[in-house]
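Number of protein chains: 2
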Amino acid sequence: MTETAENYDASKYERPSVTVDVVIFSLRSGRLQVLMVQRKHWPYADHWAIPGGFVNMDESLETAARRELMEETGVHDLYMEQLYTFGEPGRDPRTRVISVAYFALIRSEEQTLQVSEESNDVRWFPVDELPEPLAFDHDKILRFAIDRLRSKLEYTTLAFQLLPTEFTLPKLKRIYEEILGEKLDKANFYRKLRDSDLLEDTGKFREGRGRPARLYRFRDSRVEGDFVFRYREAKQK
Amino acid sequence: MTETAENYDASKYERPSVTVDVVIFSLRSGRLQVLMVQRKHWPYADHWAIPGGFVNMDESLETAARRELMEETGVHDLYMEQLYTFGEPGRDPRTRVISVAYFALIRSEEQTLQVSEESNDVRWFPVDELPEPLAFDHDKILRFAIDRLRSKLEYTTLAFQLLPTEFTLPKLKRIYEEILGEKLDKANFYRKLRDSDLLEDTGKFREGRGRPARLYRFRDSRVEGDFVFRYREAKQK
DNA sequence: GGAATAGTGTCTGTTAGACACTATCTA
DNA sequence: TAGATAGTGTCTAACAGACACTATTCC
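The listed protein sequences derive, respectively, from chains A and B.
Just so we're aligned, residue 272 is where the first sequence starts under our numbering, counting upward by one.
Just so we're aligned, residue 272 is where the second sequence starts under our numbering, counting upward by one.
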């Protein structure tokens, strides 16, 4: 079928619905967790899902993502980037739905969760203790997001989005270890950070059981943007 | 039109159109080139554009991309991956259009171009000699694709998709140089490849002006998938 | 032999990984 | 003092970049 622009009629073709879904990561109690909402209605009533919703005609995709997030969960002010677009026919029983997925990072202490009309509940789940089964193909989207987070951790300053302004090196190291799921060498990790010139000593200390740990903050110029801190080579598959 | 409660609600259920657009790269005459179609009709009549079109209700995004490509250009059998989804309101004057962009690589000798009903022409353009201005926001999509190609070149075997089955090391080096836009050291490049164990000696030679060059082919197991051949560290921005 | 192209050897500085060591707090 | 946590020094092997060298073809 040939379609020309001159006789284009917006109503002529059936259109898919477009949603944005957001995988939100945070560190809570030292564990990597994901924010999920429990659906109230068909389809997948009572199933847990990634927050998201339909895109309005006059808003950008990212705006839609932020709006839905605020409406559904009360979460705002987060670091967000586009992940992937999922569009297989049949992934939503209602109609053809194409979903632009985002992934986001927040400091969860700064947020207060709200439950919307559409949901029974909103909760954080550790990434290795997700409820099953999830709604739609959200397990696939989640796996995609976790992979992306892990791989970006290795060559970006993404992890900084999960930290408070001031933090200690042991704390940062624990975040890397939690997300990557493996132990890192303390000496090598600290050296890498010292050499990267990313950090600034606050002169303050965090007290604890043992020797107090030095508090650092990120240099402003480095927190934003795509400055590369490759803490190690990416692994070969 | 004044915004009333009535049409605000209506717009909420209006659906955007979804298109797939494909940035197709190939090497022709030793240069990195992109396939473009010249539009016949409004909007952007006579402007050059990335091939693409609307997604049907019953096909996946990638299927739609391959179908549109075949219809519009005659190009088939290519390596393809999803690039990014562009969805700003106003990027298409007809209606709200959300475009899922793909990027693709082919061996262009294997393809015969066809011009469809909707286009005046289909042509290859070197990436540094693009026609201006392009239709829609296609310049932005193109820049995005070129950046992605460059960065993926550095840690994947993507370039192999541009080569014939058998090729010489100097040829492969020239491809890297052309895409990255810089000279590489021969000794280091060859050593890297030798160590990577990606190549297999065919025992054959390509004759030319000087000393004949050895012909290689990629080991099957390595051409597919995401095997990492990092020819060097990614550059810091 | 000279031009042209293909291909190798090797030095040097940087860095990742391993791991043993020292430092500073509380009980 | 022991236990706990923070932080450093240093050896080694691997590797990237630079660059000079050798090899094989045609004329």
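No residue lacks a Cβ here, since even glycine has one placed at the ideal position from N, Cα and C.
Alpha-carbon to alpha-carbon, residue j and residue i
i        : j        : result
B/Val346 : A/Leu429 : 39 Å
A/Gln382 : B/Asn391 : 55 Å
A/Glu478 : A/Glu400 : 32 Å
B/Tyr350 : B/Ile377 : 7 Å
B/Glu330 : A/Asp363 : 14 Å
A/Glu425 : B/Arg482 : 43 Å
B/Gly361 : B/Trp313 : 15 Å
A/Ala320 : B/Gly358 : 23 Å
A/Met341 : A/Leu486 : 32 Å
B/Thr334 : B/Lys411 : 24 Å
A/Lys423 : B/Leu354 : 16 Å
A/Asp408 : A/Arg302 : 24 Å
A/Arg394 : A/Phe296 : 12 Å
A/Ala406 : A/Val294 : 14 Å
B/Lys457 : B/Leu443 : 11 Å
B/His318 : B/Pro404 : 7 Å
A/Ser379 : A/Phe415 : 22 Å
A/Asn459 : A/Glu448 : 13 Å
A/Arg480 : A/Ser300 : 18 Å
A/Pro322 : B/Pro322 : 33 Å
Proximal residues to residue i (C-beta, below 6 Å), its chain only, five neighbours per side dropped
i        : result
A/Arg488 : Thr436, Glu437, Glu471 and Thr473
A/Gln385 : Gly345
B/Leu440 : Tyr461
B/Tyr315 : Ala406
Which residues DSSP lists as bridging residue i, in chain order
i        : result
B/Gln304 : B/Ser297 and B/Pro397
A/Phe512 : This structure cannot settle anything about residue 512 of chain A, because the visible part of chain A is limited to 272 through 508.
A/Asp392 : A/Gln309
A/Ala484 : A/Arg477
B/Asp472 : B/Tyr487
A/Ala320 : A/Val308
B/Met351 : B/Ala375
B/Val368 : B/Ser288
A/Leu405 : A/Trp319
B/Thr356 : B/Val371
B/Phe438 : B/Tyr487
Close Cβ partners of residue i (< 8 Å) along its chain, the five nearest in sequence each way excluded
i        : result
B/Ile446 : Leu298, Ala430, Leu433 and Leu434
B/Phe476 : Pro483, Ala484, Arg485 and Leu486
A/Ile369 : Pro287, Ser288, Val289, Thr290, Thr356, Phe357 and Gly358
A/Glu495 : Confidence at A/Glu495 is low in this model, with a pLDDT of 47, below 50, so the placement of that residue should be treated as unreliable; the coordinate-derived value is given next. For A/Glu495, where only same-chain residues beyond five positions count, there are no Cβ hits under 8 Å.
Sub-9 Å separation of residue i and residue j beta-carbons
i        : j        : result
A/Met328 : B/Arg465 : no
B/Glu388 : B/Lys454 : no
B/Gly324 : B/Val291 : yes
A/Leu332 : B/Thr356 : yes
B/Ala336 : B/Tyr284 : no
A/Ala375 : A/Glu339 : no
A/Val289 : B/Arg286 : yes
Spatial neighbours of residue i in its chain, beta-carbon cut-off 7 Å, leaving aside the 5 residues before and after
i        : result
B/Arg421 : Ile450 and Leu451
B/Phe396 : Gln304, Val305, Met307 and Pro402
B/Arg419 : Leu354 and Phe374
B/Ile417 : Val398
A/Val326 : Val289, Thr290, Val291, Leu332 and Ala335
B/Arg365 : Pro314
**OP:** Evaluate contact between the segment 303-314 of chain A and the segment 331-348 of chain A, counting only Cβ atoms and requiring at least three cross-stretch pairs below 8 Å.
**Re:** Verdict: yes, contact present.
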